[in-house]
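For reference, the structure discussed in these notes is given below.
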Amino acid sequence: MKHEPIPLDYCEDCNSHLNIPIHLQEVRQAIQKTRNSTPGADGITANWFKRLSNTDLTCITSFFQEVFTTSYIPEEWKHSIIVPIPKPNKDKTKINSYRPIALTSVFSKVFERILIQRITHHLLTEKKIPPSLNGFLPLRDNQLAVYKIHTAISEAHSHKKYFIGISLDIKSAYDTVYIDGLIFKCLQLGITGNITKILHNFLQNRTLQVRWRNSLSGTKPVQKGLPQGSVVSPILFVCFLADFSETLDVGVEYSIFADDIFIFCAHTSLDHISKKLQNTMENVYKWCNYWKLNIRFWRWMRCVEVGKFEKVSY
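At position 290 of the sequence shown the residue is numbered 740 (this note's numbering), and the sequence of numbers has no breaks.
In structure tokens, the structure reads:
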């Protein structure tokens, strides 16, 4: 499917809670939530922020407000240093034996947390996120996602129904997010005004370097995907998956936690389930193709009796 350019209208006259002036208390709360992790290229730590006086915090608040008003993101905030960390008991001569850790500006993380709080408040109060989409939201953890699946299996068993589920694995989900598509979806969710323009600028024209031992590589541009190490990336990924339910055929349900997607159907007829899931998978492939995601593989399981499963991987 050829992807047409997406027109983006930030609705800059929007005066919702998302775009009110930044308050000193918001900055304080954002600093309190920022962990004392390794700093980015600027060397500024979370502890540095936590030792600031009220006068200093007022200056920081004014600076953040200027960033918010102008939608200009400092280049340092869009730069990441990637540090490869070896995985336990893996062959260190192979590149896939390392887990990349991204170090980003703590200054940026504090500002991002202000955006996160506003976006999360909007999504929950306006009920923009389906209840089957879990992760990175208050009271929506992995246990809730698993509970829904367990309940569906138990109900199928008690009503003598077949149950078939499909687990999807999206290849490099974070790294392949289509940025313009994400911003379009944010606008559809009512995230409009300067905050959306800021997010768009934050995600574009990013750069990275790789640190290996005591050496830094040259700077490389990053043209797509959500930045690893960015604290705003998880909630934006939730926004990106918010319309996934549109792929489901009638009678098919789903449960998502982070980037783990599980779709399932229960019925007295296996043929009925097969047709429903076949239609759904065709829609899922179209959805992934349109939004530039790739399904690496998927697994299905069939449950005739609770505790007895057949599993196949593709």
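Quick reminder that beta carbons are idealized off the backbone N, C-alpha and C, glycines included.
Since the structure is predicted, the reported quantities are computational estimates derived from the model, not experimental observations.
- In the DSSP annotation of this structure, the continuous segment of the beta strand (DSSP E) that includes residue 615 starts and ends at 612–620.
- Beyond the five residues adjoining it in sequence on each side, residue 549 comes within less than 6 Å, by CB distance, of 535, 537 in the same chain, given in chain order.
- One thing to note: residue 706 has its Cβ within 8 Å of the Cβ of residue 595.
- Ranked by how close their Cα comes to the Cα of residue 527, the residues 702, 651, 720, 688 have 651 in first place.
- With 16 or more other CB atoms across the displayed protein chains lying within 10 angstroms of its CB, residue 682 is buried.
- Comparing alpha carbon positions, the residue from 676, 701, 698 closest to residue 689 is 676.
- Between residue 552 and residue 523, the gap from beta carbon to beta carbon reaches 8 Å or more.
- In this structure, DSSP gives residue 665 an extended state, which the three-state scheme calls strand.
- Rounded to whole angstroms, residue 719 and residue 613 show a C-alpha spacing of 10 Å.
- The beta carbons of residue 748 and residue 618 sit closer together than 8 Å.
- Taken in chain order, the complete alpha helix (DSSP H) segments of 4 or more residues contained in the segment 469–526 are 474–483, 496–500, 504–520.
- Across the structure, residue 582 and residue 665 are spaced so that their CA atoms are roughly 45 Å apart.
- DSSP places residue 673 in the coil class of the three-state scheme, outside both helix and strand.
- Taking a 10 Å sphere around the C-beta of residue 558, we find 16 or more other C-beta atoms and assign the residue as buried.
- Contact annotation, residue 521 with residue 647: C-beta distance approximately 4 Å; criterion of less than 8 Å satisfied.
- Classified as buried, residue 704 has 16 or more neighbouring CB atoms from the shown chains inside 10 Å of its CB.
- Pairing residue 566 with residue 515, the inter-Cα distance amounts to about 15 Å.
- In the three-state reduction of the DSSP assignment, residue 678 falls in the coil class, being assigned neither a helical nor a strand state.
- The beta-carbon distance between residue 544 and residue 744, rounded to whole angstroms, is 22 Å. This is too long to meet the 8 Å contact definition.
- Ranking 494, 641, 505, 673 by CA distance to the CA of residue 467 puts 641 first.
- Counted as a single uninterrupted DSSP element, the stretch harbouring residue 706 is not any alpha helix (DSSP H) but the beta strand (DSSP E) occupying residues 703–707.
- Here the alpha carbon of residue 680 sits roughly 32 Å from the alpha carbon of residue 714.
- Around residue 669, the same chain offers 657, 659 as residues with beta carbons nearer than 7 Å, after the five sequence neighbours per side are excluded.
- For residue 684, the enclosing alpha helix (DSSP H) has its first and last residue at 683–691.
- A straight line joining the alpha-carbon of residue 694 with that of residue 752 spans about 23 Å.
- Between the alpha carbons of residue 655 and residue 525 lies a distance of about 9 Å.
- In the DSSP annotation of this structure, residue 530 is not part of any alpha helix (DSSP H); the continuous beta strand (DSSP E) holding it starts and ends at 529–536.
- Around the beta carbon of residue 662, fewer than 16 other beta carbons lie within 10 angstroms, which makes this residue exposed.
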